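A.B. asks:
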Amino acid sequence: MRFPLPNPSAIFTLLLCIGLAIAGIWVGDNVNLLPIDASTNAPVYDELFRVLFIIGIILFVGIVGLVVYSLVRFRRRPGELGDGIFIEGNLPLEILWTAVPAIVVLFVGIYSYDIYDRMGGMQPLQFNGHDHHLMVSEERIFGGIGTGAVEASMDQLNAPLPIEVTAMQFAFLFHYPKGDILSGELHVPTGQPVMMRMESKDVIHAFWVPEFRLKQDIIPGQPTILNFTPTKPGRYPIICAELCGPYHGGMRSTVVVEDPDQFQEWFGKNAKETSLEA
Amino acid sequence: MTISIPPTSKQPQESIQPRGWLRYFSFSLDHKVIGLQYLVCGFIFYLVGGALAGAIRIELASPISDFMPRDVYNQVLTLHGTIMIFLWIVPVVNGAFGNYLIPFYVGARDMAFPRLNAVAFWLIPPAGLMLISSYFITGSAQSGWTAYPPLSISTPAAGQIIWILSVLLLGGSSIFGGINFIATILKLRRPGLLLMQLPMYCWAMLGTSILVVLSTPVLAGTLILLSFDIVAHTGFFNPVLGGNVIVYQHLFWFYSHPAVYIMVLPAFGLVSEILPVHCRKPLFGYVTMVYSIMAIVGLGLVVWAHHMFTSGTPPWMRLFFTIATSFIAVPTGIKFFNWVATLWGGRISLNSAVLFSCGFIVNFVLGGITGVALAQVPFDVHVHDTYFVVAHFHYIVYGGSVFVIFSSVYHWYPKFTGRMLNENLGRFHFFLTFVGFNLCFAPQHWLGLNGMPRRVAEYDPQFTFVNQLSSVGALLMALSTLPFLFNIINSILRGKVSGDNPWNALTPEWLTSSPPPVENWLGDPPLVTEPYGYGITKEPNVEDLTEGDNTGASTK
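Chains A and B supply the protein sequences, listed in that same order.
Once you know that position 176 of the first sequence is 176 in the working numbering, the rest is easy, because the numbers rise by one and skip nothing.
Once you know that position 235 of the second sequence is 1235 in the working numbering, the rest is easy, because the numbers rise by one and skip nothing.
1. Less than 7 Å between C-beta atoms, sequence neighbours within five positions excluded: which residues of the same chain meet that for A/I58?
2. Can you list the alpha helix (DSSP H) stretches of 4 or more residues lying completely in the segment 1285-1330 of chain B, in chain order?
3. For the putative contact between A/V255 and A/V209, defined by C-beta atoms under 8 Å, what is the C-beta separation to the nearest angstrom?
4. Taking just the CA atoms, how far does A/V188 sit from A/D261?
5. Do B/A1204 and A/G249 have their C-beta atoms within less than 8 Å of each other?
6. Excluding the 5 residues flanking A/V61 on each side, which residues of the same chain have their C-beta closer than 8 Å to its C-beta?
7. Tell me, to the nearest whole angstrom, how far the beta carbon of A/E185 is from that of A/S253; I am working on the premise that it is less than 8 Å.
8. Closest Cβ-Cβ distance between B/R1427 and chain A: below 8 Å?
9. Is there a Cβ of chain B sitting closer than 8 Å to that of A/F172, yes or no?
10. Got a sec: is the Cβ-Cβ distance from B/V1290 to anything in chain A below 8 Å?
11. Given a cut-off of 8 Å on the beta-carbon distance, is the pair B/L1275 and B/T1342 in contact?
12. With DSSP run on the structure shown, which of helix, strand or coil describes B/H1411?
13. Does the beta-carbon of B/S1133 have 16 or more other beta-carbons within 10 angstroms, so that it is buried, or is it exposed?
14. Can you give, in chain order, each stretch of the alpha helix (DSSP H) that sits fully within the segment 1106-1194 of chain B and has at least 4 residues?
15. Less than 8 Å between the C-beta atoms of B/A1053 and B/H1080, yes or no?
16. By the three-class DSSP mapping on this structure, what secondary structure does A/G191 have?
17. Which word fits B/C1358, buried or exposed, when buried means at least 16 other C-beta atoms lie within 10 angstroms of its C-beta?
18. If the cut-off is 8 Å on Cβ atoms, which residues from the segment 71-91 of chain A count as contacting chain B, listed in chain order?
19. Smallest Cα separation from B/F1181: which of B/A1108, B/F1327, B/V1362?
20. Using a Cβ-Cβ distance cut-off of 8 Å, determine whether B/S1311 contacts chain A.
21. By the criterion of Cβ-Cβ separation under 8 Å, what are the contact partners of B/L1350 in chain A?
22. Residues of chain A with CB closer than 7 Å to the CB of B/S1062, please, in chain order.
23. Output, in chain order, the set of chain A residues within a Cβ distance shorter than 8 Å of B/K1281.
24. How far does the beta strand (DSSP E) with B/M1068 in it reach, from first residue to last?
25. Does the segment 1423-1430 of chain B come into contact with the segment 1025-1037 of chain B, if we say contact requires no fewer than three beta-carbon pairs (one atom in each stretch) closer than 8 Å?
26. Pick helix, strand or coil for B/T942, following the three-state DSSP scheme.
27. For B/T1216, which three-state DSSP category applies?
28. Quick check: is any heavy atom of the ligand ZN less than 7 Å from the C-beta of B/I1162?
29. Anything in chain B within Cβ reach of A/I219, meaning under 9 Å, just list it in chain order.
30. What is the DSSP secondary structure of B/G973, counted as helix, strand or coil?
31. What distance in whole Å lies between the Cβ atoms of B/F1416 and B/L1022, which are believed to be in contact at a cut-off of 8 Å?
32. How is B/Y1532 classed by DSSP in three states: helix, strand or coil?
33. Taking contact to mean at least 3 C-beta pairs separated by less than 8 Å, is the segment 1300-1319 of chain B in contact with the segment 61-74 of chain A?
34. Tell me, which residues are paired with A/Q222 by DSSP?
35. Can you tell me whether B/F1268 is buried or exposed, with buried defined as 16 or more other CB within 10 angstroms of its CB?
36. Can A/E199 and A/P233 be called in contact, C-beta distance under 8 Å?
Next comes the structure, spelled out in structure tokens:
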């Protein structure tokens, strides 16, 4: 059986597809829908986003184009009677559009696995808060993301900075075990990995910093871990992303990413003297 | 001793059933009456849910919480979600069109269990009224339609318990319906009618009903445990008593992800009925359509944890559910390509039914693409629980299912009433809805990517303009129901008489009078083995197509 080709020839169709692909890539490269990236895994995320955005644009414009073209070209003109062409199916075509999405999906899956691995998602979670070594082994600790950077810089001068996060209706509390600092704002230095152990006092909350491209629920009864390495100084919002009650929308805080010097200044000013040695 | 049954034994039962408009307010056993009861009842709840959506968009037109108190806002968003899912889309795409069409499609005079059918419908109005009235009595549930503990345990108990009871009733209604559809499709087929000759909507409903029967009881069990936690202070999900909040999420999404397919698979089926009629072409790839429905049913049961990527799920689980979820795109993609191929080479009447169906294709493709993106763990950890997700699922359930409901109303209205709807008003309705919908939800993708979480009454002032844009879209959507309502009511009163088969359709529901008689056909049900046999008898009327060689297409 022959599939009736549209008036534009096969070559023209091919050119159209190539044009669409190029346009999709151009849009993906030039349209930025994301906020600035301020952690080590944000550029990795943006890479994945760009690829998904390009594939999405090509598919969307392609299918919508086909629908609109069909509606215009095959519309019933006034006075026209009779039926369309009797085509019940076309096996090669159907195999084609089973195989193509399968390959695209497979590619996207493998690619996003790679991205996930680069973000450190596949590494075992750990938290090295100095007075928590025992607790970690006793408790069930639940997943986060972003341990990869921590592993890499373990031996560096600036060891990972442990922070304990407590979430409650409707605030975040940040505790720095090293200096015994309790803060409502999260202060972190650039370039140093941060390891957060998060616990909720009441309902489920979530820790989200859009500029870090990271989110992790904070779950009562089950501590969660989230690691990241900030890269760009600035003040970014910390947003609770899980409905937690009437003031959920107001449950926000700020993460202040500072140069290491400024951070040390802040840290020294706030640290309890007795624990400075620790 | 022999018992002879007098031939008139069926008569008394029939006379109990009221006639005329009164039967729509009765415990009628007629599947057509029940179908329209579902449809009208669902539409009334849609108006309520839509008003709540309007309240949400008014609140979000400004970055501060100024339109209603914060706890009322949470009640409103909980009611909006619950009403739209459990009282509008699920009952209408399943109950309304399923009840009306399935007996016709299988060549039966009614559903397999007419009384169960009526019970299933009559559970809905009390459940819906209970849910809505809870707002006026004690304040309704305010933990979202997901009712995650411990929030659902710590918010005021009365509203949450009423919410649980009404969802249990609605789930029960859905299960009854599902059992009925499976029995009707498998056991009530007219002799001689093979499964692979059924119209596609039967397959969609068979798949959906399997999902309903397998997954809804899990939700029921979960909610019963949750209610124990609330009223009897048990500790299934209460972390203070050693319970596990993540277990609730697994159980909840084991139903609530398939619920998405319970809302869209019937819509897929309905589109597969509507497009061939108005394109005058057979449905492209019947067999692959059937297989892809069943593939979606199978995969749909093993993807639930993609709603929990940030809930502290271990890496292996994140990966498994990423892959399973991504692969749903393959059977879904097949269906969309097949619909486009159904349009290709047709004689498409650009009426309201076709416009809404094509609007569905466009919207759903976008929703599907963002869905595949959301299935990727690293992508999801940024946008989970943000407006990106809100945009995504509204593209699926509104841009998808609700567009199909409108399309179906335009297509089957002559069957329901014997009168035509006004096409110009219908097209106006389509354009208003399509523009309003996309204006409302497309910008929300950006909002989510840039840092606006969902379910908030207040937000960062930098998002004000885009939120106002979205609110204007919502206003257009609200206005778009006016021409629709006017059209529906006006056409009942003085619409053009349609005749029995205004679309010259071949599916069995059109091969009887419009509206149909009580037992569907006056004589025996017709045997329709080619429900999409358009274009078989070639009319020598192809010269309007620009190429003459299209006539060479295979003809049976």
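We put the CB at the ideal spot given by N, CA and C, even for glycine.
The structure displayed is predicted, hence computed values, not measured ones.
C.D. replies: Put simply:
1. Around A/I58: L20, A21, G24.
2. 1286-1300, 1315-1327
3. 6 Å
4. 11 Å
5. no
6. L20, A23, G24
7. The C-beta distance from A/E185 to A/S253 rounds to 6 Å, short enough to fall under 8 Å.
8. no
9. So no, A/F172 is outside the interface.
10. no
11. yes
12. If DSSP states are grouped into helix, strand and coil, B/H1411 belongs with the helices.
13. exposed
14. Correct list: 1114-1122, 1124-1137, 1151-1154, 1157-1187.
15. yes
16. Reduced to three states, the DSSP call for A/G191 is coil.
17. buried
18. L71, F74, R75, R76, R77, E80, L81, G82, D83, G84, I85, F86, I87, E88, G89, N90
19. When C-alpha distances from B/F1181 are compared across B/A1108, B/F1327, B/V1362, the shortest belongs to B/A1108.
20. yes
21. L71, R75, R76
22. Listed along chain A, no residue sits closer than 7 Å to B/S1062 by beta-carbon distance, the nearest being about 12 Å off.
23. D83, G84, I85, F86, I87
24. Segment: none, B/M1068 is in no beta strand (DSSP E) and carries neither H nor E.
25. no
26. Because chain B spans 1001 through 1556 in this model, residue 942 of chain B falls outside it and cannot be assessed.
27. helix
28. In the structure on display, the ligand ZN does not appear, and there are no ligands present to speak of.
29. P1239, V1245, I1246, S1311, G1312
30. With chain B represented from 1001 up to 1556, any question about residue 973 of chain B goes unanswered, as that position is not in the structure.
31. Distance from B/L1022 to B/F1416 at the Cβ level is roughly 17 Å; contact not present, criterion being Cβ atoms closer than 8 Å.
32. Reduced to three states, the DSSP call for B/Y1532 is coil.
33. Verdict: no, contact absent.
34. A/I219
35. buried
36. no
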